[in-house]
Every structure is written in structure tokens, then in C-alpha cells.
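*Asks:* Numbering (this note's numbering), first residue to last: 184 to 481.
I have a structure I would like to understand better, so I am pasting it below and will then ask my questions one at a time.
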Amino acid sequence: MKVLVLYNSKSGSGDKTSLIKTLTTYLAGEGVEEKNICLHEPKSIEEAVALAKQASEERVDLVVTMGGDGTINKIAGGIYEGGGHSVLGILPSGTVNNFAKSLGIPIGEAAIPNLLKGQVKAVKLCQVNQQYAISSLTLGIMADIAAKVTSAQKRKWGPLAYLKDTIRVLFRNRNYYLELRYGQELVRYKTKILLITLTKSIGGITQFDTVSEFDDGLMSVYLFSDVSLWRWLLRLPRIFRGEVAQLQELQHFRTSELSIKQYKRRYRSARTRIDGDKSDYLPVKLTVLPEGIRVMVP
184 MKVLVLYNSK
194 SGSGDKTSLI
204 KTLTTYLAGE
214 GVEEKNICLH
224 EPKSIEEAVA
234 LAKQASEERV
244 DLVVTMGGDG
254 TINKIAGGIY
264 EGGGHSVLGI
274 LPSGTVNNFA
284 KSLGIPIGEA
294 AIPNLLKGQV
304 KAVKLCQVNQ
314 QYAISSLTLG
324 IMADIAAKVT
334 SAQKRKWGPL
344 AYLKDTIRVL
354 FRNRNYYLEL
364 RYGQELVRYK
374 TKILLITLTK
384 SIGGITQFDT
394 VSEFDDGLMS
404 VYLFSDVSLW
414 RWLLRLPRIF
424 RGEVAQLQEL
434 QHFRTSELSI
444 KQYKRRYRSA
454 RTRIDGDKSD
464 YLPVKLTVLP
474 EGIRVMVP
């Protein structure tokens, strides 16, 4: 058995050196030869994708990623582009870890036995232009709040890091004018938030999207109406409790393909965020890839 371990020492929190030592000791104890274990910290996103793609092309049995959603999606995309021959193993060590939570994978060292003792599950990916999403794409208030949060702040404060800019963004009260094309539909929305999810867990809310399944081949699209600032403030507790589907201001649909662009622009081009990280400006095209990646799950 051949194992490639790709990690991001700057992602999330915790001692990565200790985690790697525990991992290699466990693999050796389970009979994986040292010569078949390769540890690598990519120096760039491009290198991470290239290494994962190469491993998949060479049919490395298991590619382990150590980091958060923004690291995992790069590795998953590389494996997919390499033909999907490698299984993805996850040691969650990011800030929120939506993807891992939705799969029931524990955090840190507790996830190590799953790498060999778990089951292989085929799950969906979403291609966004030339990138890949495993959990979410956001635009609007949620993306604007996250835009100013640094990696150091996320490591120090976890999900609380996102609260510091919430009031500032809400008082700015910006709207986005979006044109969405899916199936035979072409619709226009004036909205404060666009949220696209692939998993049940978003932003640490474990049951945000109660209908999403990893094998359904669909994305869930949420748009929130243009409402007053004060109504938004009143709605925040319900949003954080995962009661989004009950909000009257919400419009929701599911689809396998979606194109988004701005039909009216009062500000600079809107920028999206994929799995918590900065991504492309509009326009974007999203396509769900059913069973795009195989993952070790408990």
C-alpha cells in the first residue's frame, strides 16, 4: 500500500508535527512500509494540486490531506483531474471543517484510524470555473464578512473570528443583482446573500441544509431577499441555529448546473468564496460532478 500525506502547517490550529508523528507511527503499526509513506508540505496551491494529480495518475492508494476545507478541496480537485484513482483520506485540522463534519469524520488524531479502518464512499464535487468546491460557495454578506479574516485570526479564534466584521458589513447594507441560469430557468434576483451548499454543515451549523446528500448529484442554492438591516439582525440567531429553511425571506432551489452573473452592478464586480477561501469574480459556472471523489469515512 502506498500513502501520500499532504499537509498545510498554517491551516487551522494544533501541532502538525505531533499529528504527523502519530500518523506515521499508526501506519507503520498497521503494516505500511516506511518506503511507501511520502510526507509533503506543498509550497503553493498549484503544487498541492499537481502532487495530488500525479499521485492519482500513478495510482497511489491513499492521499491524506491535513487541513481545512480550503486545503481539502485543492487535493480533491487534483485527485479528480488525475483520473480519480486514489482514495482521499482526511485529517481535519482547519477552522470549521464543514466537509469532514458532514461525513462524520472526527477532528485531529481521532481521525487517524479511519484512514485504514473506514469505508470508501463516493461523494460529489462541484466544479466552479476551473476550481473545485467540496462544501460551499458564498457571495454577498457571508463572503464580505469572511473577506477580512486572516489565517492567523482563524487559527486563534476559530469561528468567532468571523464575528468581528459582521456588524460593519451589515451596516454597509449592500445588495447584489444576480442573473441565474439553471435547467430551462433564467431568473434575476436582488439579494444580500447567495449561498450554495453541497453539505449539511455550513459555518459550523451542522444541520444548515437538511436535504443535501453526498450521493444526490445536486447543489442547494439559497438566496436571501433584500430586507432591512434591522430585520437581518433579528434573523441572525435563527440563522446560527440552523433554522434557515423557515425564514420567509429565503428562496431555495436545487440543481446540478448553474451559471451566475451580474445583470446590474452598483459596485465593483462581486467576488465569490469557495469553501471559505477567496475565489473567482463573477461570472461563474458551477457543475456538480456525481461521485467525483472517493473518501475514507467512518
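Note that CB positions come from ideal geometry on N, CA and C, so glycine has one too.
Among the candidates Glu229, Lys218, Tyr263 and Ile255, whose CA atom is the shortest distance from the CA of Glu240?
*Replies:* Closest option to Glu240, Cα to Cα, is Tyr263.
*Asks:* Which residue comes first and which comes last in the alpha helix (DSSP H) that contains Ser201?
*Replies:* Element bounds for Ser201: Lys199 to Gly212.
*Asks:* Helix or strand or just coil, what does DSSP make of Val370?
*Replies:* Three-state DSSP puts Val370 in a strand.
*Asks:* Can you tell me which of Arg449, Gln445, Pro289 and Ile317 puts its alpha carbon nearest to the alpha carbon of Phe397?
*Replies:* Here the closest residue by C-alpha is Ile317.
*Asks:* Quick one: what's Glu440 bridged to in DSSP?
*Replies:* Beta-bridge pairing links Glu440 to Thr470.
*Asks:* Can you list, in chain order, the stretches of the beta strand (DSSP E) that have 3 or more residues and sit fully within the segment 238–282?
*Replies:* Segments of the beta strand (DSSP E) lying fully in the segment 238–282: 245–250 and 270–275.
*Asks:* Along the alpha helix (DSSP H) that carries Lys300, what are the first and last residues, could you check?
*Replies:* Its alpha helix (DSSP H) spans residues Asn297 to Lys300.
*Asks:* Could you spell out where the beta strand (DSSP E) holding Glu362 opens and where it closes?
*Replies:* Counting along the chain, the beta strand (DSSP E) containing Glu362 begins and ends at Tyr359 to Tyr365.
*Asks:* Between the C-alpha atoms of Thr207 and Glu368, what's the straight-line distance to the nearest angstrom?
*Replies:* The straight-line gap from Cα to Cα measures roughly 51 Å.
*Asks:* Below 7 Å, is the gap between the Cβ of Glu362 and the nearest heavy atom of the ligand MN?
*Replies:* Absent from the structure shown: the ligand MN. Ligands present: none.
*Asks:* Which value, in whole angstroms, describes the spacing of the CA atoms of Asn191 and Gly323?
*Replies:* Straight-line Cα distance between these residues: approximately 28 Å.
*Asks:* Could you tell me which of Gly475, Ile443 and Lys257 sits nearest to Tyr464, measuring between CA atoms?
*Replies:* If we check each option's Cα against that of Tyr464, Ile443 comes out closest.
*Asks:* Ile148 by DSSP, collapsed to three states: which one?
*Replies:* The structure shown does not extend to residue 148, since the chain spans only 184 to 481, so no value can be given for it.
*Asks:* Pull up the DSSP beta-bridge partners for Met402, would you.
*Replies:* Met402 is bridged to Thr438.
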